[in-house]
Amino acid sequence: MKPSNRINKVSEYYFSKKLAEVKELQDQGKNIINLGIGSPDLPPHPNVLRELSQTSLKEDSNKYQSYRGIPELRDSISQWYKKIYNVDLNSDSEILPLIGSKEGIMHISMAFCNPGDRVLLPNPGYPAYTSVAKLLNLDIQYYNLSEENDWQPDLIEIESLINDKCKILWINNPHMPTGISVGMDALYQLVNLAKSKNILLVNDNPYSLVLNKNPKSVLSFLSNYENIIELNSLSKSHNMAGWRVGMLAGSSENVNHILKVKSNFDSGMYKPIQLAAIKALKLEDDWYQDLNAEYEKRRTLIWAILDQLECTYSKESKGLFVWAKIPSEYKNGEDFSDHLLYQKGIFATPGSVFGTNGKRFIRFSLCASQDILKEAITRINLLKKEIQCV
Ligand SMILES: Cc1ncc(COP(=O)(O)O)c(C=O)c1O
26 MKPSNRINKV SEYYFSKKLA EVKELQDQGK NIINLGIGSP DLPPHPNVLR ELSQTSLKED
86 SNKYQSYRGI PELRDSISQW YKKIYNVDLN SDSEILPLIG SKEGIMHISM AFCNPGDRVL
146 LPNPGYPAYT SVAKLLNLDI QYYNLSEEND WQPDLIEIES LINDKCKILW INNPHMPTGI
206 SVGMDALYQL VNLAKSKNIL LVNDNPYSLV LNKNPKSVLS FLSNYENIIE LNSLSKSHNM
266 AGWRVGMLAG SSENVNHILK VKSNFDSGMY KPIQLAAIKA LKLEDDWYQD LNAEYEKRRT
326 LIWAILDQLE CTYSKESKGL FVWAKIPSEY KNGEDFSDHL LYQKGIFATP GSVFGTNGKR
386 FIRFSLCASQ DILKEAITRI NLLKKEIQCV
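Quick note: the sequence shown uses the numbering used here, first residue 26, plus one each step.
This is how it looks when you write it as structure tokens:
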């Protein structure tokens, strides 16, 4: 069957292909340490798991659910936004629970962009922004995040890329893969830019509670959310990646536009997942503290791996990854990633997956236990010794 022209514009998601290659090596008996993907290995809180299992036994659990999510979930999202970001959201009209925040990228783009409209995307950035824009025939303009500028967005460059057809400026703060966080001043300027140019500023915000002492929301600057939308997620902050619980927040008018798209795609989220998500959102601060204490220890071990590999990196990064520059003798991040995979049995993601500005970089995930990371260190040490002996 001939696929649509649209399909030819995108390739299979990098991880879908590469993880098959990793699995093939594992099937051949090779013990591969996977530091490629940001899928939390730690469990959700026991109360969250209990709520899911208990409520799944209830009689009405199997029915279709509201497209807007149950009111109790929207209430708890509103309370969570107040507690974490000091943002007031009307739970009836300004919040839309999502089946993971990734789907929100498509819904928002479909709700606001016509073919040919311009979207501004970070380079490097989360590949789904590009794929969605390609699938919808949008005019993609990348704005640069570069090592020279400490990976911070350059507002002058961004402004110069906004034309009459520009609809959305995507930001991701804290940023994946670089781990940088835009300061309050720059964030405020971005919000003002969107307002003055009458475009949408969308902040994709799934990493704000991971190794980040100062979680920020773009919704904290104005009470009128006409030009701002925020995506958020429980995947990383609550170890619920496979559960698919995300959310978006914005003006009631914009939420209604997005709902028009979303309600034609899915038929609501499984009710026990919504009830368990409520428990997750109500967790006390010690949940985040314990999670981050573990990630801090893991990050120190990743730094040790990177030191051995002679990569350079910042110790200030936020989120679930460490972003590192590869040694100069390697051609690019892909080469270095293949070297790690085939010579050392360690998989990390080449930076080029996230855009041309990432080509001399590699991304290491914190989603592996301290024991696994220590094993990686031992493995690299052994190989180094073998090479010295030869
Ligand atoms: C920057 C960014 N945005 C969005 C997502 C999607 O998260 P979710 O699991 O909520 O769909 C990810 C997942 O890796 C991500 O890295």
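Positions of the beta carbon are idealized from the N, C-alpha and C atoms, including for glycine.
Inset, instruction - Could you tell me if A373 is buried or exposed, where buried requires 16 or more neighbouring beta carbons within 10 angstroms of its beta carbon? - result: buried
Legend entry - Residues bridged to F389 [DSSP beta-bridge criterion]: V347
Legend entry - Close-in-space but distant-in-sequence residues of the same chain around K307 (CB under 7 Å, 5 per side omitted): S101
Inset, instruction - Measure the alpha-carbon distance for I303 versus M26 and round it to whole angstroms. - result: 44 Å
Inset, instruction - Would you list the residues whose beta-carbon is nearer than 6 Å to any heavy atom of ligand 1, in the order they occur in the chain? - result: G63, G125, S126, K127, Y151, N197, M201, D229, P231, S258, S260, A266, G271
Legend entry - Q299 versus H70 - alpha carbon distance: 15 Å
Inset, instruction - Indicate whether L123 and G271 have their beta-carbon atoms separated by less than 8 Å. - result: yes
Inset, instruction - Taking only the alpha-carbon atoms, compute the straight-line gap between L114 and L365 and give it to the nearest angstrom. - result: 46 Å
Legend entry - Span of the beta strand (DSSP E) around L160: Per DSSP, L160 belongs to no beta strand (DSSP E); it is in the alpha helix (DSSP H), 152-160.
Legend entry - Whole-angstrom distance between I165 and T155, CA atom to CA atom: 7 Å
Legend entry - Option nearest L180 by Cα separation, candidates C191, G150, L215, K159: L215
Legend entry - Residues of its chain near L284, where Cβ-Cβ distance is below 8 Å and the 5 sequence neighbours each way are ignored: Y92, R93, L121
Inset, instruction - Could you name the residues of the same chain whose beta carbon sits closer than 7 Å to that of L391, not counting the 5 residues immediately before and after it, in chain order? - result: Y320, R323, R324, I327, L345, F346
Legend entry - Stretch pair the stretch 170-188 + the stretch 105-119: three plus CB contacts closer than 8 Å: no
Legend entry - For I405 and L398, the rounded distance between their alpha carbons: 11 Å
Inset, instruction - Could you tell me which residues DSSP puts in a beta bridge with C191? - result: R143
Inset, instruction - Could you tell me the boundaries of the alpha helix (DSSP H) in which G358 lies? - result: 358-364
Legend entry - Chain-order list of residues whose beta-carbon lies under 6 Å from that of Q357 (same chain, five-residue window excluded): Sequence check: residue 357 is Asn here, not Gln. Taken in chain order, the residues that qualify are K384.
Legend entry - Separation of R388 from L42, as counted between CA atoms: First, the residue type needs correcting, since residue 42 is Lys and not Leu in the sequence shown. The straight-line gap from Cα to Cα measures roughly 17 Å.
Inset, instruction - Starting from E84, trace the alpha helix (DSSP H) both ways and give me its first and last residue. - result: Looking at the DSSP string, E84 is not in any alpha helix (DSSP H), and its letter there is neither H nor E.
Legend entry - Pick from L244, G380, D396, V286 that is closest to C138, judged by C-alpha positions: V286
Inset, instruction - Please state if the CB of I62 and the CB of F40 are separated by a distance shorter than 8 Å. - result: yes
Legend entry - Alpha carbon of N87 to alpha carbon of L146, nearest angstrom: 39 Å
Legend entry - Three-pair Cβ contact test at 8 Å for the stretch 128-143 versus the stretch 259-277: yes
Inset, instruction - In angstroms with no decimal places, state the Cα-to-Cα distance between S242 and Q368. - result: 42 Å
Inset, instruction - For A305, collect the residues of the same chain with a Cβ closer than 7 Å to its Cβ; drop the 5 residues on either side in sequence, then sort them by chain order. - result: P69, H70, V73, L259, H263, M265
Inset, instruction - Tell me whether G271 sits in a helix, a strand or coil according to DSSP, three-state version. - result: strand
Legend entry - Rounded separation between D142 and S233 - CA only: 29 Å
Inset, instruction - Write down every uninterrupted run of the beta strand (DSSP E) in the stretch 87-143 whose length is 3 residues or greater and which is fully enclosed by it, in chain order. - result: 120-123
Inset, instruction - Compute the minimum distance between the beta carbon of R324 and the heavy atoms of ligand 2, and state whether it is under 7 Å. - result: Looking for ligand 2 in the displayed structure turns up nothing; the ligands present are ligand 1.
Inset, instruction - For Q368, name the three-state secondary structure that DSSP assigns. - result: helix
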